[in-house]
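One structure is given here, and the rest of the page talks about it.
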Amino acid sequence: MDELLKAFLLLNSVGADARAWKKFSVLNIEASAIWKNSRRLVNAVLSQNAAERLIAKEKENWAEKEYEACHKTNIRIICYGTPGYPKALNELEDPPLVLYWRGSSTSMSDRTVGVVGTRRATSYGRRISYGIGSRCAAQGIAVISGGAAGIDGESHAGACDAGGETFAVFGTGIDISFPTTHKELFERICAGGALISEFPLGAVGEAWHFPRRNRIVSALSQKLIVVEAPLKSGAMITAKVSLNLGREVWAVPGRITESSSEGTNKLIFDGAYPLINFDAFFGMHGSQQPLFGNAQSPWIEEDSFSQEEAAVLSVLRRENDMTVDNIALEVKMVAADVLKIIAILSARGAVCASGPGRFSINL
Amino acid sequence: MNPVSGITLHGIQAMPVEVEVETTGGLFQISVVGLPDMAVKEARERVRAALRNVGINIRGRVAVNLAPADIPKEGALLDLPIAVGIACSQSGVTVKKPSLFLGELALDGRLRGVRGAVPAAFLAKEKELDLYIPPDNAAEVGLVNEVSAFIVPDLKSLLMHLRGECELRRVSRTVASDSQLAADPDLSDIKGQAVAKRALEIAAAGHHNLLFVGSPGSGKTMLAKALKGILPPLSDKELMEVLLLRSTAGMPFSTARERPFRSVHHTASAVAICGGGANMRPGEISLASRGVLFLDEFPEFSRDVLEALRQPLEDGCITVSRAAGSVEYPAKVLLVAACNPCPCGYAGDPIEHCTCSQAALERYRRRLSGPILDRIDLHVSVPRLTPEELVTIEGKCGETSFDVRKRVSAARKIQAERWGKIGFQCNSEIPERVLRRNIKLPTDVKNFILKSLNRVRLSGRGLSRVLKVSRTIADLEMSDNIEIQHVAEAMSYREGEVLSWMNS
């Protein structure tokens, strides 16, 4: 086994990042010397505790086992400073030493959008994130997010459903599905993108992992969209890191009464770009023009709607979260007929359920 | 056959029990043999007191044998045949024509009503026996055709009748009323909820089981109750089955052709729902047979109970096996289940905020899946309306239950004509292979389904449920072919759609 790789794995496993490695370089210490040489050298860069853990792990051949396990399960290990390492991460002051990487995508394009937000998203937030995911996919932009429930999951799902590339950065070991309900989603992400983590295999999601994960999401995302976030949340941390890296930060405006939009509205107040519609965002992003114009999804042609269908759609464009009864009143039709139209529209993907018995336009 | 017989219940069937009495000299004693239960053993005291009140004092050792000896006998309904048997053996009363006697004796000789009178009437009719019943049971027995039954107010008049001194009143024939039932609640009493009402109509037409998901106060229970009112009235055969079951369980009956509605609390045990117990009684699923079984707070039911429901929902009957033997009860119910969208009940609610943790939500969703849901064709969200929305739709009532019932009856007729040849009544009963063979889909509908399948994930079983529901929707519109709009509507009731808005 390559000594450099082994050194990186061991250092990474005790929580050291590229800064530690740089110090070793300054001190002119060889990779193999880290565990072979005296503890004093290690202690110069690592804490006493971390150094002891590192040496204990070396004794039980942890790095070799880890490498073997990754090899068996098709997980690539990408080291800091090697060609496959995403360049964007070098802009961090503490880039991860090692990335565990699983999925069909082997490199990351530089057209990336990060989508972050709360796990307890409202139906509004979910729809927006899903919509961003699928619009990005249609434009060939990779979607980066954290694989969590709520906003993260929806943006991944939107990109996957539209056949796009998406990357999920984990705060756990890459072999752990967290939340477990996303197991299937993660497989789909692997098929069209990749799962990324800096944590060793089997690492559980400890609280301090997630801010670490967020800095990777920030660095990998050329632009960051905060969809819904309370004032104190991981998404706000991600936004802060992105601002420090000089990236564009967008925030989705929300109702001022909803606590889940307090963070995003605050970002806008502080100067983030408000995402007032998708075209405004995608128009500014890169040079490529939208592929599908204003079409909502690949198999809906706007003029293929009947008169009644168009009437229902126009009511739903005006107001969200309507029940069938209220739509029926607005379009002056019998509720049973509206129900049939809604059924057809949602089967075609133009309308979606946005709450129990409530419908909205699909973005 | 010994002319004096009683009955004991086996499932919903009455088994004849011959009562033989032998008196020998010696000190006074009555012993009852033939696997009597406690109620039958205690009959000794009631019989002795009642006979003394009509002037018959029992002398000597009396042995009462209940034949066949190997079937356990239960209930107080054997009081009367035992009393008649002893009267025959000790005071010269004779029973000329083989007869069935049933009734519980009061100490003064009056007769009290018993459970099982209707099964007894069917047995008497089949074997052409005379039937003697307490006055309380007269009305239900009157609904059974061509049975020669006498009303016995007390032991004294019965003995006079048997001696030929006077004639007992015969049971007069009652006819089930054909008058239109007033639906309670009526569909037009329910404000809004067009989707749920439509689902009720489809459920009633095709006998599809139904799941309502909605916040507390959204009206799930009221909707479920309204289902009873849009089902077609009971046919004669169905009425008899309902009558048999109610009589077996000792429940009050009604002459109206109204379908049963049973609402079961989630603390109910498997025995309470499926039937059984120490002395075999039909469970809620049988009492709801030919009608509606409503399970509120569906995920709170224990897994055992829900698993136990699966087989009867499929077969339309339930076999209860115990050490004492197994009996079969009918269990042809329309299942309506209701649940909250999340543990606190307010996920997606426009007014209240959901306070559930992510983990609690996941646990709840896991409970809301499983094999029993495979038997539920229609999944429907019931939104709780905001006060503004309630005000806007105030005064708009929609159709009455009567109008909807007419469409439901017509659709049922179409289905019976189509499937009658192969022995089915409703679309929901059709097995998958028969369905695939018999449903002809036009090309454009096939293409529509294929396109939709790309958007929504649907299992093979899920697809055939969608097709069955589509068939029912088409039948409601008297359409021979299944069209795109029918499939599209059926898709909106598929499993998973109700919670799709809170996915991932």
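Line order of the protein sequences matches chains Y and A. If you're matching positions, the first sequence starts at 4 in the working numbering and goes up one per residue. If you're matching positions, the second sequence starts at 945 in the working numbering and goes up one per residue. Glycine residues also receive a C-beta, built at the ideal position from the N, C-alpha and C atoms. Please read these numbers as outputs of a predicted model, since none were measured by experiment.
**Request:** Using three-state DSSP, classify A:L1329 as helix, strand or coil.
**Result:** coil
**Asked** Does A:A1138 come within less than 9 Å of chain Y when only Cβ atoms are used?
**Response** yes
**Item:** Runs of alpha helix (DSSP H) wholly within the region 60-84 of chain Y (minimum 4 residues, chain order)
**Value:** DSSP runs (the alpha helix (DSSP H)) wholly in the region 60-84 of chain Y: 65-75.
**Request:** Check the C-beta distance from Y:G368 over to Y:G153 and give it rounded, since I have them as a contact under 8 Å.
**Result:** Nothing can be reported for residue 368 of chain Y, as the shown portion of chain Y is limited to 4 through 366.
**Item:** Limits of the alpha helix (DSSP H) - the one that A:G1029 falls within
**Value:** D1023 to S1035
**Asked** Would you say A:I1428 faces chain Y, with C-beta separation under 9 Å as the test?
**Response** yes
**Request:** List the endpoints of the continuous alpha helix (DSSP H) containing A:M1166.
**Result:** K1164 to I1174
**Straight-line gap, Y:R320 to Y:V337 (C-alpha atoms, nearest Å)** = 20 Å
**Request:** Name the one or two DSSP bridge partners that Y:Q142 has.
**Result:** Answer by DSSP bridge pairing: none, since Y:Q142 is not bridged.
**Prompt:** Helix, strand or coil: how does DSSP classify A:A1007 here?
**Reply:** strand
**Asked** Residues bridged to Y:P233 by DSSP?
**Response** Bridge partners of Y:P233: none, in fact.
**Request:** Look up Y:M325 in the DSSP assignment and say whether it is helix, strand or coil.
**Result:** DSSP, read as helix, strand or coil, puts Y:M325 in strand.
**Item:** Where the alpha helix (DSSP H) through A:I1295 begins and ends
**Value:** Counted as a single uninterrupted DSSP element, the stretch harbouring A:I1295 is not any alpha helix (DSSP H), since DSSP gives it neither H nor E.
**Asked** What's the gap between the Cα of A:N1153 and the Cα of A:S1207?
**Response** Distance between the alpha carbons of A:N1153 and A:S1207: 15 Å.
**Item:** Integer Cβ distance of Y:A331 from A:A1143, believed to fall under 8 Å
**Value:** With 8 Å as the limit, Y:A331 and A:A1143 do not qualify as a contact, their Cβ atoms being about 16 Å apart.
**Request:** Mind the definition here: the region 976-984 of chain A touches the region 1064-1075 of chain A only if three or more C-beta pairs lie below 8 Å; say whether that holds.
**Result:** no
**Asked** To the nearest angstrom, how far is it from the Cα of A:P1287 to the Cα of A:E1376?
**Response** Taking the straight line joining both Cα atoms gives about 35 Å.
**Prompt:** Could one say the Cβ of A:L1329 lies closer than 9 Å to chain Y's Cβ atoms, at least one of them?
**Reply:** Closer than 9 Å to some Cβ of chain Y, the Cβ of A:L1329 qualifies, so yes.
**Request:** State the start and end residues of the unbroken alpha helix (DSSP H) segment that holds A:F1238.
**Result:** Unbroken run through A:F1238 is the beta strand (DSSP E), V1236 to L1239; no alpha helix (DSSP H).
**Message:** Between the region 270-281 of chain Y and the region 235-255 of chain Y, can you find at least three pairs of beta-carbon atoms closer than 8 Å?
**Reply:** yes
**Nearest to Y:A232 (by Cα), restricted to the options Y:C82, Y:S132, Y:R351 and Y:F11** = Y:S132
**Message:** Please return the same chain residues whose Cβ sits closer than 6 Å to the Cβ of A:L1155, not counting the five positions on each side in sequence.
**Reply:** A1281, I1320 and H1323.
**Request:** Would you please state the rounded distance, in angstroms, between the beta carbons of A:S1436 and Y:S349? I believe it to be under 8 Å.
**Result:** 6 Å
**Item:** Where Y:Y133 falls: helix, strand or coil (DSSP)
**Value:** helix
**Request:** Can you grab the Cα-Cα spacing for the pair Y:G134 / Y:I32, in whole Å?
**Result:** 50 Å
**Asked** With a cut-off of 9 Å, does the C-beta of A:A1291 fall near any C-beta of chain Y?
**Response** At least one CB of chain Y lies nearer than 9 Å to the CB of A:A1291.
**Asked** Would you say Y:W302 reaches chain A, if we count a Cβ-Cβ gap shorter than 9 Å as a contact?
**Response** Unreliable placement is indicated for Y:W302, whose pLDDT of 43 sits below 50; no coordinate value is reported for it.
**Message:** Tell me whether the region 946-966 of chain A and the region 1269-1281 of chain A touch, counting them as touching only if at least three CB pairs, one residue from each stretch, are closer than 8 Å.
**Reply:** With three or more CB-CB distances shorter than 8 Å, the region 946-966 of chain A counts as touching the region 1269-1281 of chain A.
**Item:** Inter-residue spacing [alpha-carbon to alpha-carbon] between A:S1191 and A:I1174
**Value:** 25 Å
**Message:** Using only the alpha-carbon positions, how far apart do Y:E187 and A:S1123 sit?
**Reply:** 56 Å
**Prompt:** List, in order along the chain, the chain Y residues whose C-beta lies closer than 7 Å to that of A:I1295?
**Reply:** Listed along the chain, the chain Y residues whose CB falls inside 7 Å of the CB of A:I1295 amount to none; the nearest CB is some 12 Å away.
**Request:** Could you check what DSSP says for A:Q1369 in three-state terms: helix, strand or coil?
**Result:** coil
**Request:** Compare the beta carbon distance of A:N1371 and A:V1413 with 9 Å and say whether it is the shorter of the two.
**Result:** In contact: A:N1371 and A:V1413 (Cβ atoms closer than 9 Å).
**Item:** Beta-carbon contacts of Y:T76 that lie in its chain and below 6 Å, excluding the five residues immediately before and after
**Value:** none
**Chain-ordered neighbours of Y:N323 on chain A, where CB pairs are closer than 7 Å** = Neighbours of Y:N323 on chain A: none; closest Cβ ~11 Å, over 7 Å.
**Request:** Kindly identify the DSSP beta-bridge partner or partners of A:C1283.
**Result:** A:V1157
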